[in-house]
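**Student:**
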Amino acid sequence: MNGKGHRLVSGHLPSLSTGAGHIGLLMQEIVQRFAEEGYMIDPEALELIASYPGPSDELVEGVIGGLERSTLVVGVSEIERCPRWIERVLGNGGFSHQKSSHLGPSASDPSESFEGYPPSAQVATSESLEAPPSSDMISALGVEVIEGERPNLLVEKKRKALKMVGDSGLKDQSVPVRKEKLGSPHSELSAVSHLDVRSSLRQDLAPPVPAIPSPLEVLSDITGRSTCVGEYQDFIRYFRDRYSRIREMLSGRLNARPIESLRKDIAGRDISIIGMVMNVRTSAKGNKVVELEDPTGMVMVIFQKGVPGSEDVASLVLDEVIGVIGTTDGKGRFFGKTLVRPDLQARSLIETGEGGALLLSDIHVGSTYFMEDAWNRFLDWINEEVDDPLGIASNVKYAVIAGDLVDGIGIYPGQEGDLAIKDIWEQYERAAELLNQIPDRIQIVFSPGNHDVVRQAEPQPALSESLQSIFKKNVTFVGNPAGFKLGGVDWLVYHGRSIDD
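Numbering of the sequence shown is given in this note's numbering, commencing with residue 1182 and proceeding in unit increments.
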């Protein structure tokens, strides 16, 4: 999901001034700045930034710099943890985010700050959330109330924020709010208050699910450990690390020299080098010329026309790391005889573990193409409700899902026409219902894909904790790709993706 596609509040919002006379960022610019980094922002957190007594852009950059990459929605707690907030606000007499005289008259009433906006786009203050909501506020938020129930406004805001993932930009003048009467749970729009009450009742009345000892041991996972910010030096470190890892693979087959060691006294002798491809071209005589570099220098490798294996040179791509066996003329040229690419060594031992494992991917819950009939047949089989002469279902202990559990929103142009469930949160709720029908004895491991609500840049972290909480305890969440040991066997799970046109 493209970070720039996230949207929280739309339209042209008025700028907010601070007591110091500084003109803060436009509200729209604040939302857009967080979206550029791949985050959404809670309306209450947006109001809190507006109340900041210093430059708004100063606080925004400070907050972004301190966020973990696994964060999905920026809330009040992330703002209050920012050192700039602590220094300017708490250091000046415990400034409260609920209301502030620094904001001037325009901040006394949220509806005044958003003058000209429909009620569904207005922000409720923290005081109004602590007190029982008035009928006017309930009507303004668009939540239909069943007598005797109190809508959960905090949950409504959270679900509205998740609804926005994948929207194309800041274009509309309003934010859609779901409402639904009791008894129609399959409506496209659903009442959060009713859903919240039902969830609470289920948790209170249902017996607790016994904790299942997880046999999973995570070996490599980016979740919670992503520290790069996409600066120039990060790319240099990436390419150097990639080069060193592939060089190590090739070194098992080649006794390679550094490029800088190609001196005149070894001219004519067979030697090996390893380098990264900088350029590939064809000379006037039809020879293939490859420019290779390593950390010590650069050399031109010439594969003469007609030499066995020279046809493989045409398939080289830039930044590929290869090995070459050949000779040097002592004048800076290297004549290649054999091209060596990294490969996996043959393994004679096959690891075996206890029980069977299901390998699943691309379930795409929420799409009109989701194969629900096939899934129901699978559930009948795994729950041993149909004949299983070989007893395979009873032997299954693990299920590994390699990405795209849901179809997502805003993944490709025109996707809305292919969606049966148009709300990202409701897609995951439906997915959780389906996975929860798998027996508790089966340990499920889920790694996300490009349709899931995580950042598009790889490696991708696991789903946020707020989404993980709606699944049962037998589901373990990892990033993409991820390495782990499950049932005594080493696994490498990667969703993979096509090249964008």
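Yeah, the Cβ is synthetic: ideal placement off N, Cα and C, and Gly gets one too. Since we're looking at a predicted model, the values are computed, not measured.
So what does DSSP say about VAL1244, is it helix, strand or coil?
**Tutor:** Position 63 of the sequence shown, counted from the start, is the residue given in the question as residue 1244. DSSP places VAL1244 in helix when its eight states are reduced to three.
**Student:** Since ILE1563 and ILE1619 should fall inside the 8 angstroms C-beta cutoff, what is the C-beta to C-beta distance between them, to a whole number of angstroms?
**Tutor:** Position 382 of the sequence shown, counting from 1, holds the residue named residue 1563. Position 438 of the sequence shown, counting from 1, holds the residue named residue 1619. Contact flag correct, Cβ pair sits at about 6 angstroms.
**Student:** In terms of DSSP beta bridges, what is MET1221 paired with?
**Tutor:** Taking the sequence shown and counting its residues from 1, one reaches residue 1221 at position 40. Bridge partners of MET1221: VAL1254.
**Student:** Hey, quick one: how far does the beta strand (DSSP E) through LEU1540 stretch, first residue to last?
**Tutor:** For the purposes of this step, residue 1540 is taken as residue 359 along the sequence shown, with counting starting at 1. 1537 to 1541 is the extent of the beta strand (DSSP E) around LEU1540.
**Student:** If the criterion is Cβ atoms closer than 7 angstroms, does the pair LEU1443 and THR1509 meet it?
**Tutor:** Counting from one through the sequence shown, the residue named residue 1443 turns up at place 262. Counting from one through the sequence shown, the residue named residue 1509 turns up at place 328. Yes. Within cutoff.
**Student:** Report the three-state DSSP secondary structure of SER1575 (helix, strand or coil).
**Tutor:** By one-based count along the sequence shown, residue 1575 stands at place 394. It is helical.
**Student:** Within 10 Å of its beta-carbon, does THR1477 have 16 or more other beta-carbons around it, so buried, or fewer, so exposed?
**Tutor:** As a position in the sequence shown, residue 1477 is number 296, starting the count at 1. Under this definition THR1477 is an exposed residue.
**Student:** Have a look at the DSSP bridge pairing and note the partners of ARG1514.
**Tutor:** Locating residue 1514 in the sequence shown gives position 333, counting from the first residue. MET1481.
**Student:** When burial is assigned at 16 or more other CB atoms within 10 Å of the CB, is TYR1593 buried or exposed?
**Tutor:** Looking up residue 1593 in the sequence shown gives position 412. Exposed, because fewer than 16 other Cβ atoms sit within 10 Å of the Cβ of TYR1593.
**Student:** Classify ARG1636 as buried or exposed, calling it buried when 16 or more other Cβ atoms lie within 10 Å of its own Cβ.
**Tutor:** Within the sequence shown, numbered from 1, the residue matching residue 1636 stands at position 455. ARG1636 should be labelled buried.
**Student:** Excluding the 5 residues flanking VAL1241 on each side, which residues of the same chain have their C-beta closer than 8 angstroms to its C-beta?
**Tutor:** Residue 1241 sits at position 60 when you count from the first residue of the sequence shown. Same-chain partners within the cutoff: LEU1206, ILE1211, ARG1214, PHE1215 and ILE1230.
**Student:** Can you tell me the Cα-Cα spacing of PRO1662 and VAL1634, whole angstroms?
**Tutor:** Working through the sequence shown from its first residue, we reach residue 1662 at position 481. Working through the sequence shown from its first residue, we reach residue 1634 at position 453. Straight-line Cα distance between these residues: approximately 15 angstroms.
**Student:** PHE1665: buried (16+ other C-beta within 10 angstroms of its C-beta) or exposed?
**Tutor:** Residue 1665 sits at position 484 when you count from the first residue of the sequence shown. Classification for PHE1665: buried.
**Student:** Suppose contacts are defined by Cβ-Cβ distances below 7 angstroms. Is GLY1547 in contact with LEU1600 by that definition?
**Tutor:** As a first step, residue 1547 must be located in the sequence shown, where it is residue number 366. As a first step, residue 1600 must be located in the sequence shown, where it is residue number 419. It is a contact, given that the beta carbons lie within the stated cut-off.
**Student:** Are the CB atoms of VAL1482 and VAL1458 nearer to each other than 7 angstroms?
**Tutor:** Your numbering for residue 1482 matches position 301 in the sequence shown. Your numbering for residue 1458 matches position 277 in the sequence shown. Not closer than 7 angstroms, so no.
**Student:** So what's GLU1441 in DSSP terms, helix, strand or just coil?
**Tutor:** Position 260 of the sequence shown holds residue 1441. Helix at GLU1441.
**Student:** Assuming contact is defined by CB atoms lying nearer than 7 angstroms, are ILE1454 and ARG1438 in contact in what I supplied?
**Tutor:** On the sequence shown, position 273 is the one that residue 1454 refers to. On the sequence shown, position 257 is the one that residue 1438 refers to. Yes, the Cβ-Cβ distance between ILE1454 and ARG1438 is below 7 angstroms.
**Student:** Can you tell me where the beta strand (DSSP E) holding ARG1462 begins and where it ends?
**Tutor:** As a working mapping, residue 1462 is identified with position 281 in the sequence shown. Residues 1452 to 1463.
**Student:** May I have the straight-line CA-CA distance separating ILE1447 from GLU1217, to the nearest angstrom?
**Tutor:** Position 266 of the sequence shown, counted from the first residue, corresponds to residue 1447. Position 36 of the sequence shown, counted from the first residue, corresponds to residue 1217. Roughly 54 angstroms separates the two Cα atoms.
**Student:** Expressed to the nearest angstrom, what Euclidean distance is found between the alpha-carbon atoms of HIS1283 and LEU1615?
**Tutor:** Against the sequence shown, residue 1283 aligns to sequence position 102. Against the sequence shown, residue 1615 aligns to sequence position 434. Confidence in HIS1283 is poor, its pLDDT being 36 and thus under 50, which makes the residue's placement unreliable; the coordinate value appears in the next sentence. Spanning the two alpha carbons is a distance of roughly 50 angstroms.
**Student:** Quick one: any contact between the stretch 1579 to 1595 and the stretch 1607 to 1614, if contact means 3 or more CB pairs under 8 angstroms?
**Tutor:** Contact holds: three or more Cβ-Cβ distances are below 8 angstroms.
**Student:** Along the chain, where does the beta strand (DSSP E) that runs through ASP1671 open and close?
**Tutor:** On the sequence shown, position 490 is the one that residue 1671 refers to. Segment 1670 to 1674, the beta strand (DSSP E) holding ASP1671.
**Student:** Could you check the C-alpha separation between ASP1671 and LEU1539 for me, to the nearest Å?
**Tutor:** As a working mapping, residue 1671 is identified with position 490 in the sequence shown. As a working mapping, residue 1539 is identified with position 358 in the sequence shown. When rounded, the distance between both Cα atoms is 15 angstroms.
**Student:** Reducing DSSP to helix, strand and coil, say where GLU1228 ends up.
**Tutor:** Here residue 1228 is taken as the residue at index 47 of the sequence shown, counted from 1. The answer is helix: DSSP assigns GLU1228 an H, G or I state.
**Student:** According to DSSP, what are the bridge partners of PHE1665?
**Tutor:** Position 484 of the sequence shown holds residue 1665. Answer is VAL1399 and TRP1672.
**Student:** Throw me the rounded Cβ distance for the LEU1431 and PRO1523 pair, which I believe falls under 8 angstroms.
**Tutor:** Translated into the one-based positions of the sequence shown, residue 1431 becomes position 250. Translated into the one-based positions of the sequence shown, residue 1523 becomes position 342. Indeed, because the Cβ distance is near 6 angstroms, the residues count as touching under 8 angstroms.
**Student:** Going by beta-carbon coordinates alone, are LYS1486 and ASN1468 separated by less than 7 angstroms?
**Tutor:** Translated into the one-based positions of the sequence shown, residue 1486 becomes position 305. Translated into the one-based positions of the sequence shown, residue 1468 becomes position 287. Contact: yes.
**Student:** Sorted by chain position, which residues of the same chain lie with C-beta nearer than 6 angstroms to ARG1678's C-beta, five sequence neighbours on each side aside?
**Tutor:** As a working mapping, residue 1678 is identified with position 497 in the sequence shown. Taken in chain order, the residues that qualify are ASN1631.
**Student:** Who are the Cβ neighbours of ALA1643 in its own chain at under 6 angstroms, not counting the five residues just before and after it?
**Tutor:** Here the question's residue 1643 lines up with position 462 in the sequence shown. Only THR1404, PHE1658, VAL1659 and GLY1660 meet the Cβ criterion.
**Student:** Could you compute how far the alpha carbon of ALA1465 sits from the alpha carbon of PHE1484?
**Tutor:** In the sequence shown, residue 1465 corresponds to position 284, counting from 1. In the sequence shown, residue 1484 corresponds to position 303, counting from 1. Cα-Cα distance, rounded: 13 angstroms.
**Student:** Excluding the five sequence neighbours on either side, which residues of its own chain have a C-beta within less than 6 angstroms of the C-beta of GLY1243, listed in chain order?
**Tutor:** As a position in the sequence shown, residue 1243 is number 62, starting the count at 1. Excluding positions up to five away in sequence, the list reads CYS1263 and ARG1265.
**Student:** Could you work out which residue in THR1252, LEU1400 and ARG1406 is closest to VAL1674 when comparing CA atoms only?
**Tutor:** On the sequence shown, position 493 is the one that residue 1674 refers to. Nearest of THR1252, LEU1400 and ARG1406 to VAL1674, Cα basis: LEU1400.
**Student:** Considering only C-alpha positions, which residue in the set VAL1480, THR1533 and GLY1490 is nearest to GLY1513?
**Tutor:** Against the sequence shown, residue 1513 aligns to sequence position 332. Checked all of VAL1480, THR1533 and GLY1490; the closest Cα to GLY1513 is VAL1480.
**Student:** For GLY1598, name the three-state secondary structure that DSSP assigns.
**Tutor:** Numbered from 1 along the sequence shown, position 417 holds the residue referred to as residue 1598. In this structure, GLY1598 counts as helix in the three-state DSSP scheme.
**Student:** So is ILE1573 buried or exposed if we call it buried at 16+ other beta carbons inside 10 Å?
**Tutor:** Reading the sequence shown from its first residue, position 392 is the one you call residue 1573. Exposed: under 16 other Cβ atoms inside 10 Å.
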